[in-house]
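Here the structure comes first, spelled out in C-alpha cells, and everything after it is commentary.
Number of protein chains: 2
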Amino acid sequence: MLEKIDLSKKMKKAEYKEEINKLSVKLGELQRICQSAKIPVMIVFEGLDASGKGVQIGKLIQALDPRGFEVFAVKKETEEEKYYPYMKRFWTKIPEHGKVSIFDTSWYRKVLGERFENQMSADEVARAYHVIQSFEKELTDDRMVIIKLFLYIDKREQRKRFEKLADSKETKWRVTGDDWRRNEEYDAYLKVNEEMLAKTDTDFAPWTIVEATDKRYAAVKIYKTVIHALETAVKKQPEPDETAPELDEKKTESVLNKADLSLAYTKEEYEKKKKKLQKELTRLHGELYRRRIPMILGFEGWDAGGKGGAIKRLTQALDPRGYVVIPTAAPNDWEKKHHYLWRFWVKMPKKGHITIFDRTWYGRVMVERIEGFCTKREWKRAYKEMNEMEEQLSDSGAIVMKFWMQIDKDEQERRFKERQANPEKQWKITDEDWRNREKWDLYERAVEEMLVKTSTPSAPWIIVEGNNKYYARIKVLETVVDAIQKRIAQEKEK
Amino acid sequence: MLEKIDLSKKMKKAEYKEEINKLSVKLGELQRICQSAKIPVMIVFEGLDASGKGVQIGKLIQALDPRGFEVFAVKKETEEEKYYPYMKRFWTKIPEHGKVSIFDTSWYRKVLGERFENQMSADEVARAYHVIQSFEKELTDDRMVIIKLFLYIDKREQRKRFEKLADSKETKWRVTGDDWRRNEEYDAYLKVNEEMLAKTDTDFAPWTIVEATDKRYAAVKIYKTVIHALETAVKKQPEPDETAPELDEKKTESVLNKADLSLAYTKEEYEKKKKKLQKELTRLHGELYRRRIPMILGFEGWDAGGKGGAIKRLTQALDPRGYVVIPTAAPNDWEKKHHYLWRFWVKMPKKGHITIFDRTWYGRVMVERIEGFCTKREWKRAYKEMNEMEEQLSDSGAIVMKFWMQIDKDEQERRFKERQANPEKQWKITDEDWRNREKWDLYERAVEEMLVKTSTPSAPWIIVEGNNKYYARIKVLETVVDAIQKRIAQEKEK
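Protein chains in written order, with our numbering: chain A, 1 to 494; chain B, 495 to 988.
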C-alpha cells in the first residue's frame, strides 16, 4: 500500500511561510477551544527512522500554548519500566481533559521492533494489536481525540539522511547500527509498518500518512490533519445518553442468595487457622518477590461487610516493603479530569509486589451506575473495559483476584448499630452508610450483573460468606495462599 | 555514645500484648486527629542491618488506617534515579497534609554508605548533612512532623540474625556479601552512624534510639515515640503570625530603575542575530544531551513583559524531546496540600534535559507576599529556602538561571491596550492584569528585595531590558548560549 504514495510532493518556502502562519493562528485558537471544552488530545508520531518526527513535533508545538501540552519521547523500555504491565507506561501519560499529549513514537514502538526482529508469534502480534485497539477505543469513547501520524520517506532518502548525520562530528552519535540495518532491510521493515497501519487504522483512531521527503510539505499536512481532527471534535454533538441504572428492585434467585451465610468458625478454630495461614503467607510473599510475580487483590462488598478486617489479616503477614493498600473513595478533582480507569492504572504494582485495592474500579458499575454519576453507555461498556484491563494485568504475569464480601441485611444493621455504640468505631459510620442501605435491593441487582459479567478465568470473583467474621477472614487468607501456591507450582513445572 | 546504651531491655509477651493493644487504639485515634488537623507526618526508620526495620514497620502500620499512609522502601539509587538531583527522590515522596509517609531507610542511606566506603571527602560529608538538615528544616517549618528512629543491635546479635537468615533456604538470598562485611567491620560502621546521629539530631527533627534486641520492647518504644510526637504536634499552638507584605510604596534608587530600557535592535538586526543564535543553540542542546548536563531556566517579569515571546524564541531552537516548558499558575488543590516547593521539585529535569519555568517558585516572595497568601514568616524564610534549592540543583550539575523581564509602566499599558484591541490576543489579558498593575510600586519593592537576596553565583538573576522585544529576546538567547558554551568549555578543561 505505501509504495503507491507519491513521495515527491514539495512546497516552496514563500508559500509555506504564508500557509503555516495562517494555520498556526487557527491551531492556537482550536487548542484554547478544546481546553475550555475539556477535550483531551493525543497526537502520535510514528514512522520511519530519520523521517523527521522530532523536527515536525518542534514545528507543531510552536503553535501551541505550553501550558496545554506535554511531549513524551518514548524509548526502549528501561529496566524499571519492564517491571510494570506494558500499557501502564501509556496510561500514566494520557492527558487530563483539555490538554494535549504528544508522543514521539508510542505504544506501537515495542510491537514494531519485536515484529521486525521476529521475536513475536502470530498470536502475540494479534494480542498486542488487540490491546492497542482496546486502549484507543476506551480513550476515544471517553472523548479523547487520537491523531496518529505516520511519517514516510523512501529507502534512498533515509540513507541520505543517515549519511548526512553520520558525516558530522556532532550528530554522528545519533545514527546507530540498528538504524543502518533497518535501512538495508528497508522493505522488510516497511512491511511490518504496513501491517501495523492495516491492523490499527480504525474509525475512532485513524492513521494519516505524511509524505515526509519535503519538510515543509509534511509540516503543512500535519497542521492540517491536526486542525481538521480538532475541528471535527469541537463540532461533534455528543450522542444523546441518559443516566439510567436500569434495575428493578424485584428479588430473583441469585448468586448472592446462594451464599451460605451460616458458615462459621469458633474463635479457637480461627486463631489456629489464622496463625498457620499467616505463617505460610509470609513465606509465600518472599517467594513472590524472588520470582517477581505481581499480585493484585480487589475488595468489594457491602458496607460493614468486613473488607477492612480481612485486609488487615492479610497485611499482618506481609512485609510492608512489598505491598501497598489503596483505599478507593470518590474520585478527587484531579482524578475526575481523567478516564475513570486512569487512577487505578497508575497504582498497578511492580513485579514482585502486591497491591490491595480497598474498593476498586467496580464502583463504575455499582455506585456510579445507581447514583447516576455516569451515563448508561458508560457503565454498559465498563464491564468489557474492566475485563480488558484485568486480562492485560494477568497477561503481564500478575495474579489478579477480586473478593466480594457478602453479608445479609440484618447482619449489616447489627454491625452499623454496634459501630455507633462504640466510641472507638463511631468514625467508621456515616449518614451515607444508612442512605446506601436503603438501596440494598438495587445494589444487589447491580452486583449480580457485575459478578456474572466480570468473573473471568484470568481474574475471578470470590464470594466470601461474611456473616461470621472469622470464617470470612480465613476464607480470604486461604484463597490468597492457595492462588500463590498454585502459581508457584506452575512456575516450577516450567 | 551508642555503647552506653543498654541493649538487654526486654518485655514479656503478656505485658506486651496488653500494652500494644492500648497503644494501637491511641495511635489510630491520633492519626485521625492529625488527618483532620491536616498535619503531615514522616516516620524514618534507620539503623543497623538486620535490626528489624521491616518487622517494626509491619507492626506499626497495623494501627494505622491504610487510607492515610504509604511505606517507601528506599534502595540504592537506580540508574534512572541517578539522572535526577538527589533530593528529588524524597521531595516526591513527602506526604500531603494530613497523611503519613514511612521510610524504610531514607535520605540518610546514601551518605552512610559512601561514608563507610570512604567515597566522600570531609567537604562532601559536611555538604550532604547540610542538605539533609535544610530539607528537614523546611518541611518542619511547614508543620511536618518528622520522627526519626534509629534501630540499634550489637555486633553479636547482628551476626546471629544473619546466620539465622542464611541458614534457611528461603531467606538466604537476603544476606549479601556487603552485610557480612559490615558485620565484620561493625565498629567502623557504627562510628559512621554515630557521626550521622550527632550531626543531624536537631530540635525540629530529633533522633530516637531504639534498643532493638527484643522486638517487643522495640515495638512498644516505637509506638510510644510516635504517639508522643503526634500528641505534641496536635497540642502545639501555632505561634502568632501575620500576613504583612512590609513594603512601602516610596520609590528609591534601584536595580530595576538602572536598567537601560532604551536598548533596542531593528528588525533586521534581530532577524540576523536570532538566526545565528538559534543555530548555535540547536547545536548546544545536542551537546548538553550528550554530556548529560541538565538546565533550569526560570522566567519572571511584569505582566506583558515578554516572557512568552522570549521562551518561544528559545524553544524554536530546541529539540522537543529534550525540553519542557512548565507554566506556573496559582497552585491547584492538590498542590496546595504540599510544601510550596514540592510542585517545582517534582518537575526538575533529568540530566541532559532542559526545564523552562514560565513563572517560578519566586511567586512566594512576590504575589503571595503582597496578596497575603502566605504569612510574614513564610515569605521571610523563603529566600533562603529557594537559594538552598537552587544550590542543590547546581551542585547536582545543573545550569540554573533566572530571567527578570523588565519593562516600564507605560510600555505595559501600551501592550495591554494592544492585546485588548487584537481579537487573536484578547484571551491573554484579564481584569486581574489591570488590578495587578495598580500595585506596580509594591511589586517593584518586592522584586528589588528578591533580586538582591536571591541572585547567587550558582543561580544568577539576569535582568532583561524588555521595552524593545527584539532586544529582549536576543539578550535571553545570548545569555543562554553563553552559559552553555562556558560550561562546555569548563568540562573540556577537566
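Glycine is no exception: its CB is placed at the ideal position from the N, C-alpha and C atoms. Predicted, not measured: the structure shown is a model, and the values here were computed from it.
Neighbour list for residue i in chain B, Cβ cutoff strictly below 8 Å
i	result
Arg-290 (chain A)	Trp-667
Gln-31 (chain A)	Within 8 Å Cβ-Cβ: nothing; Gln-31 (chain A) doesn't reach chain B, min ~11 Å.
Val-324 (chain A)	Glu-564 and Val-565
Arg-89 (chain A)	Here the premise fails: no neighbours, minimum Cβ distance about 13 Å.
Listed by chain order, chain A residues near residue i by CB distance under 8 Å
i	result
Gly-592 (chain B)	In chain order: nothing, as chain A lies at least about 13 Å away.
Arg-777 (chain B)	Glu-170
Below-7 Å beta-carbon distance, residue i vs any chain A residue
i	result
Thr-854 (chain B)	no
Arg-815 (chain B)	yes
Ala-699 (chain B)	no
Thr-572 (chain B)	yes
Ile-551 (chain B)	yes
Gly-795 (chain B)	no
Cross-chain neighbours of residue i in chain A, by beta carbon under 7 Å
i	result
Asp-827 (chain B)	Asp-333
Arg-561 (chain B)	Pro-327
Ala-567 (chain B)	Arg-321
Arg-655 (chain B)	The premise fails here: Arg-655 (chain B) is roughly 16 Å from chain A at the closest Cβ pair, so nothing lies under 7 Å.
Opposing strand residues paired with residue i [DSSP bridges]
i	result
Gly-795 (chain B)	B:Met-899
Glu-465 (chain A)	A:Gln-406
Ile-923 (chain B)	Looking at the DSSP assignment, Ile-923 (chain B) forms no beta bridge with any residue, so it has no partner.
Ile-805 (chain B)	Beta-bridge pairing links Ile-805 (chain B) to no other residue.
Ile-850 (chain B)	B:Leu-791 and B:Val-819
Thr-950 (chain B)	B:Ala-953
Met-536 (chain B)	B:Ser-595 and B:Ile-640
Gly-47 (chain A)	A:Leu-151
Contact with chain B by residue i, beta-carbon distance below 7 Å
i	result
Ile-429 (chain A)	no
Ile-61 (chain A)	yes
Glu-271 (chain A)	no
Glu-491 (chain A)	no
Glu-170 (chain A)	yes
Tyr-305 (chain A)	Here residue 305 (chain A) is Gly; the residue named in the question, Tyr, does not match the sequence. Output row for Gly-305 (chain A): interface = no.
Proximal chain B residues relative to residue i, where beta-carbon distance stays under 7 Å
i	result
Asp-104 (chain A)	Arg-815
Glu-424 (chain A)	Val-519
Gln-316 (chain A)	Gln-556
Contact list for residue i against chain A, beta-carbon separation under 9 Å
i	result
Ile-721 (chain B)	Within chain A, no residue comes near Ile-721 (chain B); the closest Cβ sits about 16 Å away, beyond 9 Å.
Contact test: residue i Cβ vs the ligand FMN heavy atom, cutoff 6 Å
i	result
Asp-559 (chain B)	Absence of the ligand FMN from the depicted structure is noted, as is the absence of any ligand whatsoever, leaving it without description.
Below-7 Å beta-carbon distance, residue i vs any chain E residue
i	result
Gly-546 (chain B)	As a matter of chain content, chain E is missing from the structure shown, whose protein chains are A and B.
Neighbour list for residue i in chain B, Cβ cutoff strictly below 9 Å
i	result
Gly-286 (chain A)	Glu-664, Thr-665, Trp-667 and Arg-668
Task: Start-end ranges of the alpha helix (DSSP H) lying completely within the segment 133-180 of chain A, minimum 4 residues - done: 155-167
- [ ] Taking only runs that begin and end inside the segment 557-619 of chain B, name each unbroken beta strand (DSSP E) of 3 or more residues, in chain order.
- [x] 563-567 and 594-598
- [ ] Indicate whether the contact test is met: 3 or more Cβ pairs, each with one atom in the segment 593-601 of chain B and one in the segment 550-567 of chain B, closer than 8 Å.
- [x] yes
TODO: Could you pull out every unbroken alpha helix (DSSP H) segment of at least 4 residues lying fully inside the segment 761-790 of chain B, listed in chain order?
DONE: 761-785
Open item on the list: Would the segment 218-238 of chain A count as touching the segment 133-152 of chain A if we require 3 or more Cβ pairs under 8 Å?
Closed with: yes
- [ ] Evaluate contact between the segment 258-269 of chain A and the segment 462-475 of chain A, counting only Cβ atoms and requiring at least three cross-stretch pairs below 8 Å.
- [x] yes
TODO: Can you check the segment 864-901 of chain B for any alpha helix (DSSP H) of at least 4 residues that lies completely inside it and give the ranges in chain order?
DONE: 870-889
Task: Ordered list of alpha helix (DSSP H) runs contained in the segment 700-764 of chain B, each at least 4 residues - done: 709-729 and 749-752
- [ ] Assess, as a yes-or-no matter, whether the segment 323-333 of chain A is touched by the segment 383-402 of chain A under the definition of 3 or more beta carbon pairs within less than 8 Å.
- [x] no
Open item on the list: For the pair the segment 732-740 of chain B and the segment 569-586 of chain B, tell me if three or more CB-CB distances fall below 8 Å.
Closed with: no
Open item on the list: Between the segment 599-616 of chain B and the segment 679-692 of chain B, can you find at least three pairs of beta-carbon atoms closer than 8 Å?
Closed with: yes
- [ ] Count the C-beta pairs between the segment 843-862 of chain B and the segment 915-929 of chain B that are closer than 8 Å, then say yes if the count reaches three, no if not.
- [x] no
Open item on the list: Three Cβ pairs or more, each shorter than 8 Å: is that satisfied between the segment 398-407 of chain A and the segment 460-467 of chain A?
Closed with: yes
Open item on the list: Taking contact to mean 3 or more Cβ pairs, one atom from each stretch, closer than 8 Å, check whether the segment 196-213 of chain A and the segment 149-161 of chain A are in contact.
Closed with: yes
Open item on the list: Tell me whether the segment 806-819 of chain B and the segment 43-62 of chain A touch, counting them as touching only if at least three CB pairs, one residue from each stretch, are closer than 8 Å.
Closed with: yes
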